[in-house]
Structure formats: structure tokens, C-alpha cells
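**Student:** Mapping to the numbering used here: the sequence shown position 236 is 236, numbers consecutive. Take a look at this one; I'll ask things after.
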Amino acid sequence: MRIGWTNGFLGDTNKIMSKKRSNLHEVNFYTYPKFIFTWPLIVLGYLFWALNKGGNMDLEVTAWIWGITLIIVMVTVGFDLNRNYTIFWLALLGMFWFIILWLRDAKGFKVFSKIYYLLADLNPQYSVGLGLFLSIVLSILYVIMWLWTRLNCRWRITHNEFEYYQFGRMDDSIARGAKRIRTSYPDFFELLLCAAGDLIIFDAQGKRELRRIRHVPFLPWVKKKINRILETTAVTSSELEDEQSTEEERAL
């Protein structure tokens, strides 16, 4: 019994060590279509359904929250607004709002105030049943997207190459060599919703773009793992050079 327990313990230990070595020498990640950024609508549908079980939820406030979330999701899916563009539009809206207040107080110009009251008087009401229905449908599509991505959009980076896997198609492979890797965040809202961005592979001089991998969620953490592989490779290479020079000195 003790021998069997020891063998099982050693087997589990070997599996853990093998997994750690695999994580140290390779990085696996997936690229997603922009449908991945619809998750806030899915979450809100289930959340509002759970909160409304007591029937005490303010449906007008809920409608505004859901509507603003819908606008953010649609902007994320439909446009690419980088950080500079986002700051510019926010500053422009802030200036526009300041001009509206100044015209109202200094010139008695109340057209914009009437537009505000018109929107406020709309009194939108959130439909819990409709929101839950949309969340269920989007959840089904989300699962399908997730499975499709696992089959067709997997990247694997090792010490030697960049490998792209697609089910039923020819896989793409790029020899790593002295390539340089950079990250880019072309859309502020993609960064906000999923910490997503583009992973760019350059040549050794960092001038020619070889491949742009788009919509990588949690990109800062993925880049950190890739840097760990590159640092490990650098340390291993230096150690091999030291060992070779030591052997040559001993031979002399």
C-alpha cells in the first residue's frame, strides 16, 4: 500500500512538474471576433433578472444603465477609437456641454435644455423578460463563438516558432529567429472591456511587420508570458555560451 501511494504521489508530482515546464517553454492564446465584447449585455440581462425578483427595482434607471451599456458595446464593435481619439471626443463633448450651460445662463438660449427635458421625459422602462431573453440568445451564440475559436484561432509560441492552428485547414508557422514582438491597443473600449489589443510580430530590425494578431484578450498578461519565454531563452543561450567557453579553456 505504501509503495502504491508513493508511486501515485510521484506520478502526480511528475505531471505537475511537466505542466510547469510546458508553461515555461510555450504560450497558448486565442484570437476572438469582436462579438466577444458583447459580454456586458449578457451579464446585465442575468443580473437585472436576479435583482428584480423582489419587484423593487427602478425600471427607468435600469433602462438608462442598459441603454448606455448597449451604446458602449455598439461603439466597441463598430469603431476603432484609440486613446487619442477617445480623449479628443471626451474633451469635445465636455466643451460642448460647457457651451450649452453658458448659453443657457448668459444668453437665455434654452433649445438644448428643451432637448434634455425631452429625453428625460421619455421615461424609458426596462423589460426584464426581454433583457433575459436577449442574454440567453447571446449566451448561446457566445458559447458557439468560444468553441469555434478553440478549434480555429489558437496561437502557440515556443522558443523556436510561432504556430497558428486551424481545424481542417493547413496550419501556419513562422520561424521565430530574432523576431521582435510589440503590443498595440488600437481601440480604447476593447482595452476597457477585455484588456484586448493586437500582438505585432516584426523582423529582427523591428521595421517590417510580419504578422498582426488582432483582438487578443488579456494582452498584457499574454505579453508578460511571452517575455518570460524570451528571457528564459536568453538566459539559456548565455549559459550554453559560458559552458562552451569553459570547456574550451579546460581543453587548452
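C-beta atoms are modelled at their ideal positions from N, C-alpha and C, and glycine is treated no differently. Here the structure is a predicted model, which is why all the values come from computation and not from measurement.
Under the rule that 16 or more other beta-carbon atoms within 10 Å means buried, what is Q166, buried or exposed?
**Tutor:** exposed
**Student:** Count the other CB atoms, across all protein chains shown, that sit within 10 Å of the CB of A196; report buried if there are 16 or more and exposed otherwise.
**Tutor:** buried
**Student:** Could you pull out every residue in the same chain whose Cβ sits closer than 7 Å to the Cβ of W139, ignoring the five residues on either side in sequence?
**Tutor:** According to the sequence provided, residue 139 is Ser. The question's Trp does not apply to it. Within the same chain, S139 has close Cβ partners I42.
**Student:** Flag this pair as touching only if the stretch 64–71 and the stretch 220–229 have three or more C-beta atom pairs under 8 Å; answer yes or no.
**Tutor:** no
**Student:** For the stretch 148–156 and the stretch 48–64, state whether three or more C-beta atom pairs, one from each stretch, are separated by less than 8 Å.
**Tutor:** no
**Student:** In whole angstroms, what separates the C-alpha of W49 from that of T183?
**Tutor:** Roughly 38 Å between the two C-alpha positions.
**Student:** At the level of alpha carbons, what is the spacing between G206 and V143?
**Tutor:** 38 Å
**Student:** Just to confirm my understanding: we take P220, look at its own chain, exclude 5 residues before and 5 after, and list those with CB closer than 7 Å. What are they?
**Tutor:** If the five residues before and after P220 are omitted, its C-beta is found closer than 7 Å to the C-beta atoms of A195, all from its own chain and listed in chain order.
**Student:** Under a Cβ-count criterion, where at least 16 other Cβ atoms within 10 Å of its own Cβ denotes burial, should I71 be classed as buried or exposed?
**Tutor:** Taking every protein chain shown into account, the CB of I71 has fewer than 16 other CB atoms within 10 angstroms, so this residue is exposed.
**Student:** Give the DSSP bridge partners of S184, in chain order.
**Tutor:** D198
**Student:** Considering just the uninterrupted stretch of the alpha helix (DSSP H) at F142, what are its terminal residues?
**Tutor:** Note on residue identity: the sequence assigns Tyr, not Phe, to residue 142. That run of the alpha helix (DSSP H) goes 128–152.
**Student:** What whole-angstrom Cβ distance do I201 and R211 have, given they're in contact under 8 Å?
**Tutor:** Contact between I201 and R211 holds, since their C-beta atoms are separated by about 4 Å, short of 8 Å.
**Student:** Could you check how far apart the C-beta atoms of V27 and I157 are, in whole angstroms? I think they sit under 8 Å.
**Tutor:** The C-beta separation of V27 from I157 comes to about 5 Å, placing the pair in contact by the 8 Å criterion.
**Student:** What does the Cβ neighbour count give for I87, buried or exposed, with the cut at 16 atoms within 10 Å?
**Tutor:** exposed
**Student:** For the beta strand (DSSP E) containing Y30, list its first residue and its last residue.
**Tutor:** 26–30
**Student:** Going by other Cβ atoms of all chains shown within 10 Å of its Cβ, with 16 needed for buried, is E161 buried or exposed?
**Tutor:** exposed
**Student:** If you follow the beta strand (DSSP E) that L210 is in, where does it begin and where does it stop?
**Tutor:** L210 -> beta strand (DSSP E) spans 209–216.
**Student:** Can you tell me whether F79 is helix, strand or coil according to DSSP?
**Tutor:** coil
**Student:** Report the rounded CA-to-CA distance for L193 versus H159, giving the unit in angstroms.
**Tutor:** Straight across, the Cα-Cα distance linking L193 with H159 is about 31 Å.
**Student:** Taking the alpha-carbon positions, what's the Q125 to A91 distance?
**Tutor:** 31 Å
**Student:** Quick check on the DSSP output: the alpha helix (DSSP H) that includes F167 runs from which residue to which?
**Tutor:** Counting along the chain, F167 sits inside no alpha helix (DSSP H), nor does DSSP assign it H or E at all.
**Student:** Which first and last residues belong to the alpha helix (DSSP H) in which L41 is found?
**Tutor:** 39–51
**Student:** For G131, count neighbouring Cβ atoms within 10 angstroms of its own Cβ and tell me buried if that reaches 16, exposed if not.
**Tutor:** buried
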